[in-house]
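Everything in the sequence shown is counted per our numbering, starting at -19 for the first residue and increasing by one. Cβ atoms here follow ideal geometry from the backbone N, Cα and C, with glycine treated the same way. Just so it is clear, the structure is predicted and the values come from calculations on it, not from any experiment. Input: a single structure, listed below in structure tokens.
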Amino acid sequence: MIRVNCFFKANEGKYNEALEAAIALVAESQQDEGVVSYDCFESATRGEIFLICETWKDKAALEAHMQTPHFKEYVGQLEAAGMLKIEQFEF
């Protein structure tokens, strides 16, 4: 399996816009072939931070997900609203 942790820090005034994009991304991505889990968590201590956690059956499933229209649309919105840091590992 492959785990992806996507840390997001919103630009000033962009948090709600970014969170809406993240929630939409999660909702659509949970339907993708090969997804094991896909969720979003808000920081309890830092108001501009949230984390998207994804687990995929295999690399092919993750790569297919990254080609979907919803991935491209919502990740584009997130990139415009703040900074992303992505960690990926297999387990």
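Burial state of residue i, where buried means 16 or more other Cβ atoms lie within 10 Å
i: Gly62; result: buried
i: Glu22; result: exposed
i: Ser17; result: exposed
CA-to-CA distance, residue j to residue i, given in whole angstroms
i: Gly14; j: Asn(-9); result: 32 Å
i: His45; j: Lys37; result: 11 Å
i: Asp12; j: Ala(-2); result: 21 Å
i: Pro49; j: Glu59; result: 15 Å
i: Asn(-4); j: Ala41; result: 29 Å
i: Phe71; j: Asn(-15); result: 13 Å
i: Leu39; j: Met(-19); result: Looking at the sequence shown, residue 39 is not Leu but Lys. So the two alpha carbons sit approximately 8 Å from each other.
Residues that DSSP places opposite residue i in a beta bridge
i: Met63; result: Lys(-11)
i: Asp19; result: Cys33
i: Arg(-17); result: Thr35 and Phe69
Helix, strand or coil at residue i [DSSP, three-state]
i: Phe51; result: helix
i: Gly56; result: helix
i: Ala7; result: helix
i: Ala44; result: helix
i: Glu0; result: helix
CA nearest to the CA of residue i, picked from the options
i: Tyr54; options: Met(-19), Lys(-6) and Glu0; result: Glu0
i: Arg(-17); options: Cys33, Glu43 and Lys65; result: Cys33
i: Asp19; options: Thr25, Phe30 and Arg26; result: Phe30
Check: residue i C-beta below 7 Å from any heavy atom of the ligand ATP
i: Glu22; result: Judged by which ligands are present, the structure shown has none, so any question about the ligand ATP falls away.
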